[in-house]
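What follows is a single structure, written as structure tokens, with notes after it.
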Amino acid sequence: MRKEIKLRPIGIIHTSYKEPKGIPIQGKFKESTTGTIEIFPEYQKGLKDIEGFSHLILIYHFNRSKEEKLVGKPFLEDKEHGIFAIRSPHRPNHLGFSIVKVEKIKDSTVIFSEVDILDKTPLLDIKPYVSYFDSRKNVKNGWIKKHFKNCKIPKRIKI
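Using my numbering, read the sequence shown as starting at 605 and increasing by one per residue.
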């Protein structure tokens, strides 16, 4: 069943990151940086009750990625891994997700922190981060585990 899927953006993500260089590999490593989501008017009602959540899952399109790879080198290593074992933007469908912290919501604008998204990125969906559903125990972290020994941030990550 290989049908084409068409998606419509529900808004635009605005950040201070105008180019990929300098974007943290995960937003949690740059907690002080903020961004805004501009929700399109026809989707504003969808924000009802979202202010009760401290964190959101943003699903977006890596619209500036022109490459599509099945293997690639992640930031933390010089070794290649399969694209589904890394978080590269050069994916078959160019989909990304980030967990961000809500700072403020006003009308159709969401201000958030813990940013790792390029400016003017099309937003496809928002989901509330719910610790009861989204947090897991006994998680295996694959090849990444060795880079976070003793819960310390790897030296390759500049904060």
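Note that the Cβ used here is the ideal one computed from N, Cα and C, for glycine as well. In this text, all values refer to a predicted model and were calculated from it rather than measured experimentally.
The Cβ atoms of S702 and I643 do not sit closer than 7 Å to each other.
Here K708 carries a strand assignment [DSSP, helix/strand/coil]. The residues I703, V704, K705, V706, Y733, in chain order, have a CB closer than 7 Å to that of H659 in the same chain once the five nearest residues on each side in sequence are set aside. In this model, G700 and I721 are separated by some 9 Å (Cα to Cα). When C-beta atoms of the region 724-732 are compared with those of the region 609-624, three or more pairs fall below 8 Å, so the two segments count as touching. Annotated three-state conformation of H751 is helix, per DSSP. In terms of CA proximity to I730, F716 leads the group G626, G676, R695, F716.
A direct Cα-to-Cα measurement between D653 and D682 gives close to 44 Å. Taking R695 as the centre and dropping the five residues before and after it, the same chain places the C-beta of I687 closer than 6 Å to its C-beta, in chain order. Its Cα nearest to that of S636, the residue S620 stands out among F679, S620, K625. Here DSSP, grouped into helix, strand and coil, assigns K731 to strand. In the three-state scheme derived from DSSP, where H, G and I count as helix and E and B as strand, I663 is classed as strand.
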